[in-house]
Amino acid sequence: RLKSISEGYASLDYQFFDFQTVEVAKIDILVNHEKVDALSFLTVKDQARQRAISIVERLSEVIPRQQFSIPIQAAIGGQIIARADVKPFRKDVIQKLYGGDRTRKDKLLKKQAKGKARMKMVGRVEIPQSAFFEVLKRTQ
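Under my numbering, think of the first position of the sequence shown as 1, with each following residue one higher.
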């Protein structure tokens, strides 16, 4: 702002006064229970929860949906302080059934739930680079 007002001809002089102590917390971001080091950051302890919630919500909007639910968590140490989920895609497996036997529908839904659970255990989440840029851009 100073640069634009003075059209680049002003200067700023400052003098270092002293150090002050502050309570700082390191917030780790976990995507699908795996820590993402690129998203970890330091913040003042008083603002930690608000910053964590905003980052987690932004990430849940930016990360693309998968076949399984993706938990996004913010943690200080081992304690989770914020969480959001990316909802999975869901195929309607009972669409082709026209009424009739309820047990057949239950069997198909149970089979789908087993497959989703297996995918969640084995599945890896790729975070696109655009998601990193989007989160960093909005935090500025």
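Beta carbons: idealized from backbone N, C-alpha and C, even for Gly.
Residue i and residue j look like a contact to me (Cβ under 8 Å); what is the Cβ gap, rounded to whole Å?
| i | j | result |
| --- | --- | --- |
| residue 60 | residue 86 | 5 Å |
| residue 27 | residue 52 | 5 Å |
Could you give the distance in angstroms between the alpha-carbon of residue i and the alpha-carbon of residue j?
| i | j | result |
| --- | --- | --- |
| residue 100 | residue 108 | 14 Å |
| residue 111 | residue 40 | 37 Å |
| residue 22 | residue 8 | 34 Å |
| residue 29 | residue 66 | 19 Å |
| residue 106 | residue 91 | 15 Å |
| residue 31 | residue 74 | 9 Å |
| residue 16 | residue 125 | 45 Å |
| residue 64 | residue 58 | 12 Å |
| residue 82 | residue 104 | 39 Å |
| residue 20 | residue 6 | 32 Å |
Since residue i is in the beta strand (DSSP E), which residue starts that stretch and which ends it?
| i | result |
| --- | --- |
| residue 86 | 79 to 86 |
| residue 40 | 34 to 44 |
Per DSSP, residue i forms a beta bridge with which residues?
| i | result |
| --- | --- |
| residue 73 | 30 and 83 |
Could you spell out the range, first to last residue, of the alpha helix (DSSP H) harbouring residue i?
| i | result |
| --- | --- |
| residue 11 | Neither: residue 11 is in no alpha helix (DSSP H) and is coded neither H nor E. |
| residue 67 | Per DSSP, residue 67 belongs to no alpha helix (DSSP H) and is neither H nor E. |
- Please confirm if the stretch 41 to 55 is in contact with the stretch 85 to 100, defined as three or more CB-CB distances below 8 Å between the two stretches. no
- Could you tell me whether the stretch 126 to 137 touches the stretch 68 to 79, using the rule of 3 or more Cβ pairs below 8 Å? no
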